[in-house]
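Asker: The opening residue of the sequence shown carries number 1 in full-length UniProt numbering; numbering runs sequentially from there. Just so it is clear, CB atoms sit at the ideal spot from N, CA and C, and this is done for glycine as well. Fair warning: this is a prediction, and the values are worked out from it, not measured in the lab. Attaching a single structure in structure tokens format; questions to follow.
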Amino acid sequence: MDPRAQQAREHHRLQRDASRVGEQHRYERDRLVRELWTTEREKWTYATLAAAVTCSPGLIQKILDGRTPTAQHVTR
Numbered sequence: 001m002d003p004r005a006q007q008a009r010e011h012h013r014l015q016r017d018a019s020r021v022g023e024q025h026r027y028e029r030d031r032l033v034r035e036l037w038t039t040e041r042e043k044w045t046y047a048t049l050a051a052a053v054t055c056s057p058g059l060i061q062k063i064l065d066g067r068t069p070t071a072q073h074v075t076r
């Protein structure tokens, strides 16, 4: 096989692995955000939680509203 094709195959494999790792991190982030919101609701606003996580309040809202890809993993 052409070495460039082998390299392309390896980069493709690594990219898939990186996507899986990213998905795992997003799942954990969303789980923790939901847990914080549920267990200490009086402490958090979208803005304070966003500042703590270093993301936008809009993302916090999406996570809490179940509008992120990880929401399919959550049973309500």
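Which residue comes first and which comes last in the alpha helix (DSSP H) that contains S19?
Answerer: Against the sequence shown, residue 19 aligns to sequence position 19. Looking at the DSSP string, the run of the alpha helix (DSSP H) that includes S19 is 3 to 39.
Asker: Distance check for H11 and A5, CA to CA, integer angstroms please.
Answerer: In the sequence shown, the residue the question calls residue 5 occupies position 5. In the sequence shown, the residue the question calls residue 11 occupies position 11. A5 and H11: Cα-Cα distance of roughly 10 Å.
Asker: Measure the Cβ-Cβ separation of V33 and I60 and say whether it is below 9 Å.
Answerer: Sequence index remark: in the sequence shown, residue 33 carries index 33 (1-based). Sequence index remark: in the sequence shown, residue 60 carries index 60 (1-based). Taking 9 Å as the Cβ cut-off, V33 and I60 qualify as a contacting pair.
Asker: Could you please give the first and the last residue of the uninterrupted alpha helix (DSSP H) stretch that includes P57?
Answerer: For the purposes of this step, residue 57 is identified with residue 57 of the sequence shown, where counting begins at 1. Here the alpha helix (DSSP H) through P57 covers 57 to 65.
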